[in-house]
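This report refers to the structure that appears directly beneath it.
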Amino acid sequence: MRSVMSKAIFWFRNDLRIADNPGLFQAYKQHSEVFCVYILDKPLANITRTAQSWWLHQSLTTLKKTININMFVGDAEEVLLELCRKHDITAVYWNRCYEPLHIARDTHIKQQLHKINVQAKSANGSLLNEPWEVLNKQGEFFKVFTPYWKQCLQQIVCPAPFIINDYSKFAKLPSLCLEELNLLPTWQQQFTNYWQPGEAGAEQKLQDFLAYKLEHYKEGRNYPASNFTSNLSPHLHFGELSPWHIFRTVREFQINYPAQEANTMHFLSELGWREFSYYLLYHFPKLTSANFKAQFDNFPWHDNDEAFTRWKRGKTGFPIIDAGMRELWVTGTMHNRVRMIVASFLVKDLFIDWRRGAQWFDETLLDADMASNYASWQWVAGSGADAAPYFRIFNPILQGEKFDSQGDYVKKWVPEVAHLPNKFIHKPWEAPTKPLNYYEPMVNHDIARKKALSYYQALRMS
DNA sequence: TGAAATGTTGGGGCG
DNA sequence: ACGCCCCAACATTTC
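Residue 105 in the working numbering is what sits at position 88 of the first sequence, and the numbering runs on without skipping anything.
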């Protein structure tokens, strides 16, 4: 099928980059003409009306400036089959997705393409290790992170970067313009103040991280008012840079600065948690709906819409919680430490089902990633693989005092408490004069904690 | 990647 | 000088 004059399709999905893109590179190497397509796949298009639809629009806009991308809306299978028939395509290339519905769709499309004598070639463009290639000595999948990641580090084979420097093969087709995908931002226009979607923005973030942040990473990453996290996650989600590129770059940094080993290894292990999440989703496809630990099936979740709304809107009366939820709404992200605190609060102070929290994050996070999001919620809830034990309950006041001792983070997002002395900034209800325009704490944390522990005790008995 | 409850130790005030 | 108490500081256990 390697004819000199053959035409191929490269199907862009969550790999919106040119550099180090194995599927795109193979199509480019083996064919004389390549049609890049992006399909807003109607049966799976759960991205519209979320924060990510804004990012997708921006990212595609940027990518289109470099190479021709042909836009389509519809059923991916129908779109691809029709294009193949119309334009005498010999092969379709893509990089693999790992969400259960995507796997099913792609497998099916592969079969349909074969039926009309079109090759379908998938590559790994998103993960350092394929989920099915990392198994323990019993031949089962790992359920604990540390041995999993140790094994990964041993078996990672880092390919040389795939480089394309001639874009003339990427041809145009009759197709929609980007605006016709209707990827309109649904609420905030402020994302643009915080983010630069696209490959260049991603590379910039990576370089900034190496230059200014990595040397403080292990400790600094815990403090939401400081700026020592990479903020690469939305770029990674959309595949604007490859995990190998990060891996190679960070490894090289480590060779140049051996004293930075603790920081570099810690950062790489965060990449490892991303891998582990995909891995868990692959081996436990019900991750988004079912407790990994089945005993949580009997947890008496509270179906409290009013409490849920207060949490979503940042009106709980706990400054660190409200700061996080407001940061999320405005910027499309939330500092990782604060994500753990707000998630713990939803599950263990309000007793609201972790699935509802995860769904809200799906809608509002620019980096929302089915695997990482749901694996992390189950981790916090205690129902997940290698999860935090349920009795590890975050105290929102103490966490605030520990990790935002000067209240800098809280003041930025909760101006109602900004005038209070530090002593009261994480518990304004104890201040001699309470702020007038702020909320009463919606629960008593000490009581909620005891209740959580009793629920948990009951689970263990049942 | 927790925090409360409980246990232990040792210095200092004081009769 | 001694025993007693208090309690801060740290360690361990428990959820």
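Note that beta-carbon positions come from the ideal geometry of N, C-alpha and C, so glycine has one too.
On a predicted model such as this, the values are computed, not experimentally measured, just so you know.
Best match in the options for proximity to residue i [C-alpha to C-alpha]
| i | options | result |
| --- | --- | --- |
| R113 | D123, G237, H104 and T107 | D123 |
| H119 | L130, L61 and S70 | L61 |
| S250 | F270, Y240 and Q213 | Q213 |
| D480 | K235, E99 and K59 | Missing from the structure shown is residue 480; the chain here goes from 18 to 479 and no further. |
| D320 | M351, F335, T305 and I369 | I369 |
| Y472 | Q312, P449 and Y211 | Q312 |
| M387 | N63, E50 and Y45 | N63 |
| Y55 | S243, Y45 and L198 | L198 |
| P148 | P178, R291, G399 and V364 | R291 |
| L191 | A392, F441, H283 and V96 | In the sequence as presented, Leu is not what sits at residue 191; that position holds Pro. The option with the nearest alpha carbon to P191 is V96. |
| P317 | M342, A469 and Y274 | A469 |
| S143 | Q474, H254, E433 and G424 | H254 |
| L201 | A392, L98, T78 and C169 | T78 |
| F480 | N461, L298, Q224 and F301 | Because the chain in this structure spans residues 18 to 479, residue 480 falls outside the shown range and cannot be described. |
| A324 | Q376, L367, A340 and H125 | L367 |
| M88 | L288, L57, S139 and F159 | L57 |
| N308 | N141, A375, N273 and W446 | A375 |
| P449 | E457, L437 and Y456 | L437 |
Buried versus exposed call for residue i [16 or more other C-beta atoms within 10 Å across all chains shown]
| i | result |
| --- | --- |
| V174 | exposed |
| Y184 | exposed |
| D463 | exposed |
| I133 | exposed |
| M351 | buried |
| I180 | exposed |
| D453 | First, the residue type needs correcting, since residue 453 is Leu and not Asp in the sequence shown. When all chains shown are included, L453 counts as exposed. |
| W394 | buried |
| K186 | buried |
| A44 | buried |
Residue i Cβ short of 7 Å to the ligand GTP heavy atom set
| i | result |
| --- | --- |
| E157 | Of the ligands one can find in the structure shown there are none, so the ligand GTP has no counterpart to examine. |
Same chain, Cβ closer than 8 Å to residue i, neighbours up to 5 away in sequence not counted
| i | result |
| --- | --- |
| F270 | L227, L231, Q277 and T281 |
| I106 | K24, A25, I26, F52, L100 and V135 |
| Q172 | N146, E150 and V151 |
| H125 | E94 |
Cut-off 7 Å between Cβ atoms - residues of its own chain near residue i, not counting five sequence neighbours on either side
| i | result |
| --- | --- |
| R327 | T333 and M459 |
| Q69 | L383 and A385 |
| N315 | L476 and S479 |
| D37 | P178, F179, S259, W261 and H262 |
| Q416 | I337 and I358 |
| F42 | F179 and I181 |
Chain-order list of residues whose beta-carbon lies under 6 Å from that of residue i (same chain, five-residue window excluded)
| i | result |
| --- | --- |
| I189 | Note that residue 189 is Lys in the sequence shown here, rather than Ile. Answer for K189: N85, listed in chain order. |
| Y296 | P148 |
| Q75 | P214 |
| G237 | S243 and F245 |
| K127 | A137 |
| G424 | N439 and I442 |
Paired residues, beta bridge with residue i - DSSP
| i | result |
| --- | --- |
| G91 | D58 |
| F52 | I26 |
| Y110 | F27 and K138 |
| F187 | V51 |
| L193 | M88 |
Unbroken stretches of the alpha helix (DSSP H), 4 residues or longer, contained in the segment 247 to 286: Note on the segment 247 to 286: whole alpha helix (DSSP H) runs with a minimum of 4 residues are 250 to 254 and 260 to 273, in chain order.
Complete alpha helix (DSSP H) runs within the segment 350 to 380 (minimum length 4 residues, chain order): Entirely contained in the segment 350 to 380, the alpha helix (DSSP H) runs reaching 4 residues are, in chain order, 353 to 365.
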